[in-house]
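Asks:
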Ligand SMILES: *Cc1c(COP(=O)(O)O)cnc(C)c1O
């Protein structure tokens, strides 16, 4: 009987009123290509919202990370430091360049990269004769990392900083948007992110030359000539004008979507915070989280042995999707051979953490159903 209840998804697309109009306009004007007026306007709206300087709309956040590494000249055998507590797309592009990921653990206040461990990793790599060529810091689940401290360390060692803000569009630290602190930032517009183009991403930088070069590389690196001439390896990474139309509409409702996700978080916190052994990711002082996903930690020592898997499985029987936190990269079969600096914090987060349904289109009834399910699982 429970399974006949409608499915509650972890994070489903939430389309506004203008997207279809923009898409229709793309059809009517025959701009069905990976360039066009929607692409330009979408880039402009990202620049306006985030104050990132310059933005290139791309086919995915992964493509944006890859181009950032290409633009920084990352090559075979280079070392690149990255957060270990993340989705694999943060680390894959390092390997696309045949470079070596060096994985750094989280700290407990933000669950993001620990500044002390970053410093330790940089010094240790240098002492082994290999200075890292870049650092990729992730702002996970829409919570800003301790980005000023991390940035300071990168600057001291003169190592370029890339921010993976795929999950944190609209989240800020001291009023400055995540993704705009580093030499590069990336955003993702995949289907389950806070806003979506069904698939898409953006590379942003205060440095206009970088972004011009990114657009060039993203369109097969065509030299200026009437024929097709190439003096560099290019990529087919540009965003379609049709999808950029969706993106334009989504940017217009982004602030609303953030408010809705933040309100989901408050609801869960008020209703579930009373349970012993259930805790939430706090908002770092001076930061503003977009609360892309509401994540809880389940401490079995305080829940009479109930684990996050007990909760997840019970929700599944109620046709409610929830998901463990990211499994750290240094524990992934494909990445476990790479250097790692840490103290097992991300492993504990993975073991005890659960992401709850967090879409901006959840109804009050949906939210009540999730809470009731968790209450039952803990009873
Ligand atoms: C989604 C995501 C990406 C990749 O973005 P795509 O647009 O799906 O390629 C990268 N990093 C993190 C942390 C993500 O969550």
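In my numbering, the protein residues as written are 7 to 385. Quick reminder that beta carbons are idealized off the backbone N, C-alpha and C, glycines included.
1. Tell whether a beta-carbon distance below 8 Å holds between residue 362 and residue 264.
2. Would a C-beta distance cut-off of 8 Å place residue 240 and residue 65 closer than the cut-off?
3. What does a CB cutoff of less than 6 Å around residue 273 pick up in its chain, not counting 5 residues either side in sequence?
4. Could you give the C-beta distance for residue 41 and residue 329, rounded to a whole number, given that I count them as a contact under 8 Å?
5. Name the one or two DSSP bridge partners that residue 170 has.
6. Would you please state the rounded distance, in angstroms, between the beta carbons of residue 210 and residue 181? I believe it to be under 8 Å.
7. Reducing DSSP to helix, strand and coil, say where residue 327 ends up.
8. Could you tell me if the beta carbon of residue 196 falls within a distance shorter than 7 Å of some heavy atom in ligand 1?
9. Taking 7 Å as the cut-off, is the C-beta of residue 169 nearer than that to any heavy atom in ligand 1?
10. Apply the 10 Å Cβ neighbour rule to residue 178 and answer buried if 16 or more other Cβ atoms are within range, or exposed otherwise.
11. How big is the Cα-Cα spacing for residue 355 and residue 12?
12. Residue 346: buried (16+ other C-beta within 10 angstroms of its C-beta) or exposed?
13. Suppose the cutoff is 6 Å on Cβ atoms and the five residues either side in sequence are ignored; what does the same chain contact list for residue 220 look like?
14. Does the separation of the CB atoms of residue 254 and residue 48 fall below 8 Å?
15. State buried or exposed for residue 7, treating a residue as buried only when at least 16 other CB atoms are found within 10 Å of its CB.
16. Is residue 60 buried or exposed, if buried means 16 or more other CB atoms sit within 10 Å of its CB?
17. Kindly list the residues whose CB is nearer than 8 Å to the CB of residue 257, restricted to its own chain and excluding five residues on each side of it in sequence; keep chain order.
Replies: Reading off the structure:
1. no
2. no
3. 373
4. Incorrect: roughly 36 Å between the Cβ atoms, too far for contact.
5. 144, 192
6. The pair is not a contact, with the Cβ atoms about 17 Å apart (cut-off 8 Å).
7. coil
8. yes
9. no
10. buried
11. 30 Å
12. By the neighbour-count criterion, in which 16 or more other beta carbons inside 10 Å mark a residue as buried, residue 346 falls on the buried side.
13. Taking residue 220 as the centre and dropping the five residues before and after it, the same chain places the C-beta of 62, 73, 209 closer than 6 Å to its C-beta, in chain order.
14. yes
15. With a pLDDT of 47 at residue 7, under the threshold of 50, the modelled position of this residue cannot be trusted, and the question is left open.
16. buried
17. Result list for residue 257: 48, 51, 52, 55, 201, in chain order.
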